[in-house]
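Colleague: Using this note's numbering, read the sequence shown as starting at 583 and increasing by one per residue.
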Amino acid sequence: MSIQPAPSLAPTLRPVSFGHPDAIALNDRVQLEYAERYGDEGDVTPLDPTMFHAPRGLYLIAYDAQGTPLATGGWRTQDANEEAYADGDAELKRMYVTPEARGLGLARRILAALEADARAAGRTRMVLETGTKQPEAIALYTSSGYLPCAKFGHYRFDELSRCFAKPL
Numbered sequence: 583m584s585i586q587p588a589p590s591l592a593p594t595l596r597p598v599s600f601g602h603p604d605a606i607a608l609n610d611r612v613q614l615e616y617a618e619r620y621g622d623e624g625d626v627t628p629l630d631p632t633m634f635h636a637p638r639g640l641y642l643i644a645y646d647a648q649g650t651p652l653a654t655g656g657w658r659t660q661d662a663n664e665e666a667y668a669d670g671d672a673e674l675k676r677m678y679v680t681p682e683a684r685g686l687g688l689a690r691r692i693l694a695a696l697e698a699d700a701r702a703a704g705r706t707r708m709v710l711e712t713g714t715k716q717p718e719a720i721a722l723y724t725s726s727g728y729l730p731c732a733k734f735g736h737y738r739f740d741e742l743s744r745c746f747a748k749p750l
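If you want it as structure tokens, here you go:
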């Protein structure tokens with residue numbers, strides 16, 4: 583049984599730029615986690631803050647009542663290209679919950695908000711790439727209706743990569 587925070591103390595989701603200092607700090611933390619899990623330099627997928635600007639994307643951070651950033655995630659527009667995306671795709675990027683905030687349901691809240699925003703922006707499928715050394719992420723996505731799909735993106739040829747999709 584997990585204890586949920588009182589409603590007035592529940593973390594709030596705020597849209598921010600991927601270039602915001604809190605987004606950069608959380609990205610640095612997730613990159614360290616990737617590096618530890620995979621024994622490499624982390625996720626080197628090229629990202630630019632403008633990729634997450636509306637209406638072609640959204641970047642969210644969950645903050646606690648004291649303004650501490652606890653979790654993050656974003657989506658960006660993708661269409662058919664040489665990296666095997668399809669027209670209408672919205673790609674999840676940088677989903678991350680700090681270790682001290684895990685178990686509060688923040689990843690599910692962020693995921694639902696990103697799906698709703700991408701749907702409202704006219705995207706038809708949410709896609710994501712994760713890895714075999716992130717079983718918690720795979721469990722979140724599969725329990726949220728994502729199914730394995732053909733590989734796409736920067737890591738499409740990596741044997742540790744797993745790609746998932748969900749119709750919006």
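The C-beta atom is built at its ideal place from N, Cα and C for all residues, glycine as well.
Look at R705 and A672 and say whether their C-beta atoms are less than 9 angstroms apart.
Modeller: Closer than 9 angstroms, so yes.
Colleague: Which residue or residues does DSSP assign as beta-bridge partners of R619?
Modeller: Partner(s): none; R619 has no beta bridge.
Colleague: How would you label P637, buried or exposed, when you count the other beta carbons within 10 angstroms and need 16 or more for buried?
Modeller: Exposed, since its Cβ has fewer than 16 Cβ neighbours within 10 Å.
Colleague: Rounding to the nearest angstrom, what Cα-Cα distance links R611 and G655 in this structure?
Modeller: Going by the C-alpha atoms only, they are around 13 angstroms apart.
Colleague: Answer yes or no: does any C-beta atom of chain D fall closer than 9 angstroms to that of L614?
Modeller: Considering every chain present, this structure includes no chain D. It has just one protein chain.
Colleague: In chain order, what residues of the same chain lie with their CB nearer than 7 angstroms to the CB of Y641, ignoring the 5 residues before and after it?
Modeller: Cβ within range, chain order: P597, V598, S599, F600, A605, F634, G656.
Colleague: Would you mind working out which of P651, R738, D669 sits nearest V679, comparing C-alpha positions?
Modeller: Answer by Cα proximity: P651.
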